[in-house]
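K.L.:
Under the UniProt record's numbering, the residues of the sequence shown are numbered 1 to 603, in order.
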Amino acid sequence: MSGPAASRQRAPRPHSAFLPSASCRRWRSVLPAPAREGGEERRGEERRELPAAPPPAGGRSPALLRQRRAAGAPRPAPPPPSPSSSAAPAKMSRDPGRSRWLLLAACALVFFLLPPLRTRAFALNVVLEDAEDKAEVPVLQKSEKRGTVSKRSKELKEVIFVIQSQSNSFHSKRAEDLKRDILKQTADLGKELPTVLLIHQMDRHEGAWTILPLMRDFSVAYGKNSSWIFFCEEDTRIQVVKLLEILRRFDSSKEWFLGKALYDEESTIIHHYAFAENPTVFKFPDFAAGWALSIPLVNKLATKLKSEPLKSDFTIDLKHEIALYIWQKGDGPHLTPVPEFCTDDVNSDRVGQCVTTFSNFLPLCGEPVKKEDVFVAVKTCRKFHGDRIPVVKQTWEREAALIEYYSDYRDISIPTIDLGIPNTERGHCGKTFAILERYLNNSSARTPWLVIVDDDTLISIFRLRKLLSCYDPNEPVFLGERYGYGLGTGGYSYITGGGGMVFSRAAVQRLLASKCRCYSMDAPDDMVLGMCFSGLGIPITHSPLFHQARPMDYPKDYLSHQIPVSFHKHWNIDPVKVYFTWLAPNTEEALNGKKVEFNREDL
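#1: Assuming Pro555 and Leu262 form a contact by the criterion Cβ under 8 Å, report the distance between their Cβ atoms to the nearest whole angstrom.
#2: Among the residues of its own chain, which have a CB less than 7 Å from the CB of Gln394, if the five just before and after it don't count?
#3: Please classify Glu404: does DSSP put it in a helix, a strand, or coil?
#4: Helix, strand or coil for Gly535, going by three-state DSSP, please let me know.
#5: Helix, strand or coil for Ala292, going by three-state DSSP, please let me know.
#6: Return yes when the Cβ of Glu340 is within less than 8 Å of the Cβ of Trp228, no when it is not.
#7: Would Leu113 be called buried (16 or more neighbouring beta carbons within 10 Å of its own) or exposed?
#8: Compute the distance between the beta-carbons of Glu233 and Phe275, then report whether it is under 8 Å.
#9: For Trp256, name the three-state secondary structure that DSSP assigns.
#10: Which same chain residues end up closer than 6 Å to Val565 when comparing Cβ atoms and leaving out the 5 residues on each side of it in sequence?
#11: When DSSP labels each residue in this structure, what does Met527 get in the three-state scheme?
#12: Which same chain residues end up closer than 6 Å to Lys371 when comparing Cβ atoms and leaving out the 5 residues on each side of it in sequence?
#13: Could you tell me the alpha carbon to alpha carbon distance between Ser172 and Ser165, rounded to whole angstroms?
#14: Using a 10 Å radius around the Cβ and a threshold of 16 neighbouring Cβ atoms, would you call Asn441 buried or exposed?
#15: Cα separation between Val351 and Gly430?
#16: What span of residues does the beta strand (DSSP E) with Arg396 cover, start to end?
#17: Measure the C-alpha to C-alpha separation of Thr186 and Ile160 and round it to an integer number of angstroms.
#18: With distances taken Cα to Cα, identify the nearest neighbour of Leu487 among Val338, Val241, Leu310.
#19: Tell me whether the segment 353-373 and the segment 231-246 touch, counting them as touching only if at least three CB pairs, one residue from each stretch, are closer than 8 Å.
#20: Would the segment 239-259 count as touching the segment 326-339 if we require 3 or more Cβ pairs under 8 Å?
#21: Within the same chain, show all residues whose beta-carbon is closer than 7 Å to that of Ala553, passing over the 5 residues directly before and after it, in chain order.
#22: Step through the CB atoms of chain D and report whether any lies within less than 8 Å of the CB of Glu397.
#23: Taking contact to mean at least 3 C-beta pairs separated by less than 8 Å, is the segment 402-411 in contact with the segment 379-390?
#24: Determine contact between the segment 296-305 and the segment 524-540, defined as no fewer than three beta-carbon pairs at a distance below 8 Å.
#25: Under 8 Å between the Cβ atoms of Gly223 and Val281?
#26: Restricting to Cα atoms, I'd like to know which of Asp574, Leu479, Trp582 is closest to Ser169.
#27: If you follow the alpha helix (DSSP H) that Val241 is part of, which residue opens it and which one closes it?
#28: Can you give me the Cβ contacts of Met501 inside the same chain, cut-off strictly under 6 Å, excluding the 5 residues immediately before and after it?
#29: So, Asp331 versus Ile389, is the Cβ gap smaller than 8 Å?
#30: To the nearest angstrom, how far is the alpha carbon of Arg248 from that of Ile326?
#31: Where do the N-terminal and C-terminal ends of the beta strand (DSSP E) with Leu479 fall, by residue?
#32: Answer yes or no: do Tyr485 and Phe314 have a C-beta to C-beta separation smaller than 8 Å?
#33: For the alpha helix (DSSP H) containing Tyr558, list its first residue and its last residue.
#34: Going by DSSP, what residue range makes up the beta strand (DSSP E) through Trp582?
#35: Which full runs of the alpha helix (DSSP H) of 4+ residues lie inside the segment 459-522, going along the chain?
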């Protein structure tokens, strides 16, 4: 259907009071038949015009006329009708049929004229209503936006951000940059900015980086007015609004432990072979993706720590040990995996699904340190000259410009240097301090950096040179994979020796200028060094790119966002394959004149 008929069909039906045919019938029905044809109709028209008529002649008010009538005064004679007003009624009264036809014609005219007028009036009304609606929309949107901002502002106040920072100038700057980024994102969400804490600034004791000793402080400060504590590393990138949406999915009045789940595919020494029957059942968080604790869980942990201090002497893999402590052999919550907590690069295809990303696989702060600026010391002994030293020479030795092998036996084929320190089966404190003395006082190459490794350490000197571009050798730097000993009872942190220990010349100078030395020749050298640097107030600088164990001892997802610098141990692996798969400058390298390619999944 088209045309006017279609328009009438689609248009909303008007009220019956606006129908002209009904109006004409109503006007005819309310008047007696004689009046419809005579002057009564005219008087009806005059009655409809009375509100606009002038006041009575002579200035007499209607109230005065009513008073005079009540007193019996004669009714005043009406004014003589004007010729124009009396002509039409007189003519109509003389021709009743014509009056009837005129009335019908007027009704017909009204019938045909009113629909377009009604349509235009309806359209005008719709336009006006639409304009009113549009005028209301911005107000509603502003109101809703204010409500959303207010809600998010409240939620932000209930989230405490904790950056697992370090005091070294390079790391503290990165942590401050992340703090500024979080505050910048939240500036538009409310007047009050969230609390952002840096672990190294809370370091009232050596073990702050292990997190658990801080639970009582967190509980006292935030246990009553917050909902969540969100932890992250300095290279974690956070979308704050999306994070609030994720946290909203969980009831913050309950105990929650959230994060990106890691697990062991086989039992490993760094986790003390926990869950040996099925290590995949136990999940622990990847710190690089960020992780969260609800305040009820924080309060519970604080209460437990108050009554039962930490018992473990060693801190080896913090993320696994925190998950174990929270789990409490089944009395506490397991880690709840949050797929939106990611360690993907900010440019990956999955980044749109992620609340967190990871921005730094291998730091580079300019040109890599020159080869000649890194002195490498390899600790060995006579019984390993035939099996471990050849692996070093076949793999990473070519990357080092300055390298010496220190042994208990002089072998010119390698060559090795006999420091006059007898070999010990455990601990090598005497040998290590002799190396430090030689580096500082006897070495002809006065390099700004010293690296001490074991003879079964696999290391990428090329990547290490890139990493060292971020550190100032004029500062006392002691760098590697950080462990802890007795941190719950006033202990200290140390760099585990198997993954490699890196010293700036300034650090060695400070150390040897002190009186701190080995308490025995076979004392664990890495732990004694940690104790000495702790006493000197020189902080340990941790890098997760150094590894005390083999690649298979770490979760694949954990290694997936790293460009590792080192691994350790030859046990039950092909160390040459491991090097060319994980540490060589390229994944495809020349080996004995042939190109080889190894799959990390196989190692």
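All C-beta atoms, glycine included, are put in the ideal place defined by N, C-alpha and C.
P.N.:
According to the structure shown:
#1: For this step, residue 555 is matched to residue 555 along the sequence shown. For this step, residue 262 is matched to residue 262 along the sequence shown. Indeed, because the Cβ distance is near 4 Å, the residues count as touching under 8 Å.
#2: Translated into the one-based positions of the sequence shown, residue 394 becomes position 394. Taken in chain order, the residues that qualify are Val576.
#3: Translated into the one-based positions of the sequence shown, residue 404 becomes position 404. Secondary structure at Glu404: strand, using DSSP grouped into helix, strand and coil.
#4: Position 535 of the sequence shown, counted from the start, is the residue given in the question as residue 535. Looking at Gly535 - three-state DSSP - the assignment turns out to be helix.
#5: As a first step, residue 292 is located in the sequence shown; it is residue number 292 there, counting from the start. Here DSSP, grouped into helix, strand and coil, assigns Ala292 to strand.
#6: As a working note, residue 228 is residue 228 in the sequence shown. As a working note, residue 340 is residue 340 in the sequence shown. No, they are not a contact pair.
#7: Along the sequence shown, read from residue 1 onward, the residue named residue 113 stands at position 113. Because Leu113 sits at a pLDDT of 49, beneath the cut-off of 50, its placement in the model cannot be relied upon, and the following sentence gives the value as read from the coordinates. With fewer than 16 other Cβ atoms within 10 Å, it is exposed.
#8: Here the question's residue 233 lines up with position 233 in the sequence shown. Here the question's residue 275 lines up with position 275 in the sequence shown. Contact annotation: Glu233 and Phe275 have beta-carbon atoms that are not nearer than 8 Å.
#9: Mapped onto the sequence shown, residue 256 falls at position 256. The DSSP-derived three-state label of Trp256 is coil.
#10: For the purposes of this step, residue 565 is identified with residue 565 of the sequence shown, where counting begins at 1. So the list reads Ser460, Arg463, Leu464, Leu545, Phe546, once near-sequence residues are dropped.
#11: As a first step, residue 527 must be located in the sequence shown, where it is residue number 527. Correct three-state label for Met527: helix.
#12: As a position in the sequence shown, residue 371 is number 371, starting the count at 1. So the list reads Ala401, once near-sequence residues are dropped.
#13: The count along the sequence shown starts at 1 and reaches residue 172 at position 172. The count along the sequence shown starts at 1 and reaches residue 165 at position 165. Their backbone Cα atoms lie some 6 Å apart in a straight line.
#14: Residue numbering aside, residue 441 sits at position 441 when the sequence shown is read from its first letter. Flag for Asn441 reads exposed.
#15: Within the sequence shown, residue 351 is the residue found at index 351, counting from 1. Within the sequence shown, residue 430 is the residue found at index 430, counting from 1. A direct Cα-Cα distance of roughly 50 Å separates Val351 from Gly430.
#16: Translated into the one-based positions of the sequence shown, residue 396 becomes position 396. The sequence shown places Trp at residue 396, rather than the Arg named in the question. Trp396: not part of any beta strand (DSSP E); DSSP gives it neither H nor E.
#17: What you label residue 186 is simply residue 186 of the sequence shown in a count that begins at 1. What you label residue 160 is simply residue 160 of the sequence shown in a count that begins at 1. Rounded to whole angstroms, Thr186 to Ile160 spans 13 Å at the Cα level.
#18: As a working note, residue 487 is residue 487 in the sequence shown. Minimum Cα distance to Leu487 is reached at Leu310.
#19: Segments in contact, yes.
#20: The answer is yes - the segment 326-339 touches the segment 239-259, with three or more Cβ pairs under 8 Å.
#21: Working through the sequence shown from its first residue, we reach residue 553 at position 553. According to the sequence as given, residue 553 is Asp; it is not Ala. Result list for Asp553: Thr268, Ile269, Ile270, in chain order.
#22: Considering every chain present, this structure includes no chain D. It has just one protein chain.
#23: The segment 379-390 and the segment 402-411 touch, with three or more beta-carbon pairs separated by less than 8 Å.
#24: In this structure the segment 296-305 does not touch the segment 524-540; the number of beta carbon pairs closer than 8 Å is below three.
#25: Counting from 1 along the sequence shown, the entry for residue 223 is found at position 223. Counting from 1 along the sequence shown, the entry for residue 281 is found at position 281. Not in contact: Gly223 and Val281 (Cβ atoms no closer than 8 Å).
#26: Sequence index remark: in the sequence shown, residue 169 carries index 169 (1-based). Comparing Cα positions, the closest option is Leu479.
#27: Here residue 241 refers to the residue found at position 241 when the sequence shown is read from its first residue. Unbroken alpha helix (DSSP H) run through Val241: 240-247.
#28: Reading the sequence shown from its first residue, position 501 is the one you call residue 501. The residues are Ile452, Gly480, Ile495.
#29: Translated into positions along the sequence shown, residue 331 becomes position 331. Translated into positions along the sequence shown, residue 389 becomes position 389. In this structure, Asp331 sits away from Ile389, with a CB-CB distance that is not shorter than 8 Å.
#30: Position 248 of the sequence shown, counting from 1, holds the residue named residue 248. Position 326 of the sequence shown, counting from 1, holds the residue named residue 326. The alpha-carbon atoms of Arg248 and Ile326 are separated by roughly 22 Å.
#31: On the sequence shown, residue 479 is found 479 positions in, with the first residue counted as 1. Element bounds for Leu479: 478-480.
#32: Sequence index remark: in the sequence shown, residue 485 carries index 485 (1-based). Sequence index remark: in the sequence shown, residue 314 carries index 314 (1-based). Taking 8 Å as the Cβ cut-off, Tyr485 and Phe314 qualify as a contacting pair.
#33: The residue labelled residue 558 in the question sits at position 558 within the sequence shown. Residue range 556-560 is occupied by the alpha helix (DSSP H) that includes Tyr558.
#34: Here the question's residue 582 lines up with position 582 in the sequence shown. According to the DSSP assignment, Trp582 belongs to no beta strand (DSSP E) but to the alpha helix (DSSP H) extending over 575-582.
#35: You should have 461-468, 505-513.
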